[in-house]
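Below is one structure, written out as structure tokens, with a few remarks after it.
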Amino acid sequence: MPRPREFDRDEAVERAMAVFWEHGYEATSTEQLLQAMGIGRQSMYAAFGDKHGLYLAALERYQARQAAALLERLRAVASPLGAIEDILLGVAGEAPEARARGCMGIQSIVELAQRDPDVVLLARSATSLCEAAFERMVAEAKCRGELGPHVDERSAGRFLLTTLQGLRISARTGATPEALRAVAGFAVAALKAPASASSS
């Protein structure tokens with residue numbers, strides 16, 4: 057008869073994610089993780105290999121959740137362009153503590169991308185998924201006449217994700233909701249600009 061697991065792996069990853077998100081990878085100690093997860097050192101090593109393996113599991117969980125939330129929000133509004141605008145404006149509408157906390161995915165890139173190929177792979181996967189979601193919404197907006205036919209969906213998808221990432225970084229560094237809303241509005245206006253204006 058197989059031995060029952062000594063802890064809930066999903067719950068452990070969830071708790072570890074919160075610690076890594078708050079402190080970053082390097083500043084998080086193994087002891088902090090063990091205390092948050094409520095498990096012993098050997099259990100952690102058996103389940104995740106080491107601190108790095110646990111971090112990758114937590115980061116993958118975070119990115120999957122963020123991508124799912126993005127897709128859900130993009131589908132929740134009847135107007136594709138309105139959905140895009142809501143996503144960008146949503147950063148300004150977050151509670152102050154959420155804005156200050158920032159994005160764990162962006163934090164991982166800033167902290168580790170130069171020396172951790174596993175983090176780079178996860179970041180690329182998340183980026184591709186989110187860019188594709190924005191591309192589909194831009195294509196739908198063009199079909200409905202909300203955007204002009206001159207708008208390149210791929211470039212627009214990259215632009216929107218980069219804007220969203222920039223908004224999150226700005227929010228974490230103390231930008232006011234008014235400033236964040238102004239940037240979001242400018243980005244949407246840039247998409248809506250007629251071909252002659254955008255090419256001049």
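Mapped onto my numbering, the consecutive letters of the sequence shown carry residue numbers 57 to 256.
Built from N, CA and C at the ideal position, the CB exists for glycine as well.
For clarity, every value in this text was computed on a predicted model and none was experimentally measured.
Three-state secondary structure (DSSP) of residue i
i	result
ASP172	coil
VAL133	coil
ALA68	helix
PHE104	helix
GLY241	helix
SER99	helix
SER226	helix
THR84	coil
PHE63	coil
PRO250	coil
ALA231	coil
PRO58	With a pLDDT of only 45 at PRO58, under the threshold of 50, the placement of this residue in the model should not be trusted; the figure read from the coordinates follows. Looking at PRO58 - three-state DSSP - the assignment turns out to be coil, as it is neither helix nor strand.
GLY109	helix
Alpha-carbon spacing of residue i relative to residue j, whole angstroms
i	j	result
SER184	CYS159	17 angstroms
TYR101	ARG65	12 angstroms
GLU234	SER85	37 angstroms
PRO58	MET93	In this prediction, PRO58 has a pLDDT of 45, which is less than 50 and means its spatial position is unreliable; nothing more can be read from the coordinates.
GLY204	GLU191	14 angstroms
ALA151	ALA123	20 angstroms
VAL207	GLU153	36 angstroms
ALA212	ILE95	45 angstroms
TYR81	GLU87	13 angstroms
VAL133	CYS199	16 angstroms
SER256	GLY241	Any answer about SER256 is weak, because its pLDDT of 48 lies below 50 and its placement is not dependable; what the coordinates show is given next. In a straight line, the C-alpha of SER256 is about 20 angstroms away from that of GLY241.
ILE162	HIS79	13 angstroms
ARG129	SER99	37 angstroms
CB of residue i within 8 angstroms of CB of residue j, strictly
i	j	result
ARG224	GLU187	no
LEU110	ALA72	yes
VAL175	SER164	yes
LEU137	ALA189	no
ARG228	ARG155	yes
LEU127	ILE143	no
THR219	ALA243	yes
ALA231	GLU209	no
SER226	LEU236	yes
LEU89	LYS107	yes
ARG171	TRP77	no
Residue of the options minimising C-alpha distance to residue i
i	options	result
ALA182	ALA235, THR219, ARG121	ARG121
LEU168	ALA156, THR232, LEU115	LEU115
SER135	PRO233, PRO205, GLU70, MET193	MET193
PHE63	LYS107, SER85, ARG97	ARG97
GLN15	SER226, PRO250, LEU178	No information on residue 15 is available, as it lies outside the stretch 57 to 256 that the chain covers here.
MET68	ALA231, PHE104, ALA195	Reading off the sequence shown, one finds Ala at residue 68, where the question assumed Met. Answer by Cα proximity: PHE104.
ALA238	GLY149, GLU153, ARG129, HIS108	GLY149
GLU70	ARG117, ALA249, GLY201	ARG117
GLY201	GLY222, ALA249, ALA240	ALA249
ALA245	ARG180, HIS79, ILE162, GLU141	GLU141
Residue i Cβ short of 7 angstroms to the ligand NAD heavy atom set
i	result
GLU82	Among the ligands in the structure shown, none appear at all, so the ligand NAD cannot be discussed.
For this session: May I have a chain-ordered list of the alpha helix (DSSP H) segments no shorter than 4 residues that lie completely inside the region 130-218?
Result: Secondary structure remark: continuous alpha helix (DSSP H) runs of at least 4 residues inside the region 130-218, in chain order: 136-149, 152-157, 160-168, 173-199.
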